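In UniProt numbering, the protein residues as written are 1 to 218.
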């Protein structure tokens with residue numbers, strides 16, 4: 001906690017007013033970590049810390065924004081070419097999938113619909129949400145994350161407009177050059193790929209399951 005506080009603390013300081021003293025950055029961070037780790041409600045946290053629910057809510061929002069601003073680029077930076085190769089090597093060693101840069105998926109995070117938002121956040125599960133898009137390595141560790149897209153958007157649509165999707169399409173993400181598959185002999189070089197489910201588009205760098213439509217019955 002102290003390490004995180006040293007990084008985001010300056011962004012969590014509020015000015016003193018005539019009405020109340022500001023909440024200490026350490027307390028804001030403690031509230032946020034408790035909220036993220038335990039999933040406690042704002043009302044419960046407000047009772048425990050003797051604060052208003054609105055104050056707890058604003059503290060969580062402020063702290064999460066500060067963490068994203070100060071720590072995203074250093075703790076989840078875009079992989080280098082050598083790091084991509086190491087990820088692919090681990091996928092082969094652990095899962096026997098060659099030339100794989102990661103597994104991608106989107107998850108819906110349920111929210112209370114913002115005022116006047118119409119159906120923007122209404123998803124196929126008939127709840128209101130924002131979308132979390134994430135890429136993980138062979139050990140389930142995040143290598144890319146984006147959160148905040150409208151719940152009505154599909155995983156493929158979110159991916160296509162994301163920094164990851166645009167970077168893969170433009171070939172600006174340090175992805176290694178094509179290389180032969182393990183034990184392929186004279187087959188020739190094959191591209192490095194991301195793997196996703198049927199919600200994602202099929203690309204030379206993005207593999208999805210074979211749909212199996214219109215196959216003859218034997």
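Note that the Cβ used here is the ideal one computed from N, Cα and C, for glycine as well. None of these values were measured; they are calculated from a predicted model.
Query: Output yes or no for whether 7 Å exceeds the beta carbon distance between residue 29 and residue 5.; Result: yes
Query: With a threshold of 8 Å, are at least 3 pairs of Cβ atoms found where one atom belongs to the segment 163-172 and the other to the segment 116-131?; Result: no
Query: How is the beta strand (DSSP E) around residue 130 delimited, first residue to last?; Result: 129-136
Query: Is residue 108 helix, strand or coil when you go by DSSP?; Result: strand
Query: CA-CA distance, residue 212 and residue 156?; Result: 19 Å
Query: Between residue 86 and residue 175, what straight-line distance do the alpha-carbon atoms span, to the nearest angstrom?; Result: 12 Å
Query: Could you tell me which residues DSSP puts in a beta bridge with residue 155?; Result: Beta-bridge pairing links residue 155 to no other residue.
Query: Would you kindly check if the distance between the Cβ of residue 106 and the Cβ of residue 143 is under 7 Å?; Result: no
Query: How about residue 199 and residue 154: do their beta carbons lie closer than 7 Å?; Result: yes
Query: Examine chain C for any beta-carbon lying closer than 7 Å to the beta-carbon of residue 6, and answer yes or no.; Result: Included in the structure is just one protein chain, with no chain C present.
Query: If I measure Cβ to Cβ from residue 7 and keep anything under 7 Å in the same chain, skipping five residues before and after, which residues do I get?; Result: 70 and 71
Query: Does the Cβ-Cβ distance between residue 182 and residue 205 come in under 7 Å?; Result: no
Query: Tell me the DSSP secondary structure of residue 143 in three-state form.; Result: strand
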